[in-house]
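**Q** Mapped onto full-length UniProt numbering, the consecutive letters of the sequence shown carry residue numbers 1 to 91. Even for Gly, the Cβ is constructed at its ideal location relative to N, Cα and C. These numbers were taken from a predicted model, which means no experiment stands behind them. Quick one: this structure, given as structure tokens, is what I'll be asking you about.
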Amino acid sequence: MELATGRRAVDGGEEECLVEWGRRMAKEGWPAKEEASSNTVLWDLFTLGMRCTADAPQERPDMPDVLASLLDISQSGGASSSSHSDGGAGE
């Protein structure tokens with residue numbers, strides 16, 4: 001998420017942590033969403049980061065799914081396959 005947003009995970013200041021900020025931005029319609037959508041690598045990394053930081057552990061992808069998603073993102077230049085974007089956890 002740090003790579004996709006340019007923000008640090010925790011600044012140590014008054015600002016909220018990156019996960020909280022990402023969730024709020026996703027709900028509010030991140031202003032850079034249109035810009036990020038044109039750069040699908042950044043958008044796919046951001047959404048993968050959001051899946052990996054889900055509140056409920058069973059909603060987080062397992063490491064083989066994360067690796068497969070990262071490989072998809074790197075090989076396709078973004079637009080990861082739907083098989084890795086369903087938010088499923090390890091079976």
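1. Which value, in whole angstroms, describes the spacing of the CA atoms of Ser74 and Leu42?
2. Report the rounded CA-to-CA distance for Asp44 versus Leu71, giving the unit in angstroms.
3. Can you give me the Cβ contacts of Met1 inside the same chain, cut-off strictly under 7 Å, excluding the 5 residues immediately before and after it?
4. So, are the CB atoms of Gly77 and Thr40 less than 9 Å apart?
**A** Taking the structure as given:
1. Distance from the CA of Ser74 to the CA of Leu42, rounded to the nearest whole angstrom, comes to 11 Å.
2. Spanning the two alpha carbons is a distance of roughly 11 Å.
3. The beta carbon of Met1 sits closer than 7 Å to the beta carbons of Leu18, Gly22, Phe46, Gly49 from its chain, once the five residues preceding and following it are set aside; these are given in chain order.
4. Remark: C-beta atoms of Gly77 and Thr40 approach each other more closely than 9 Å.
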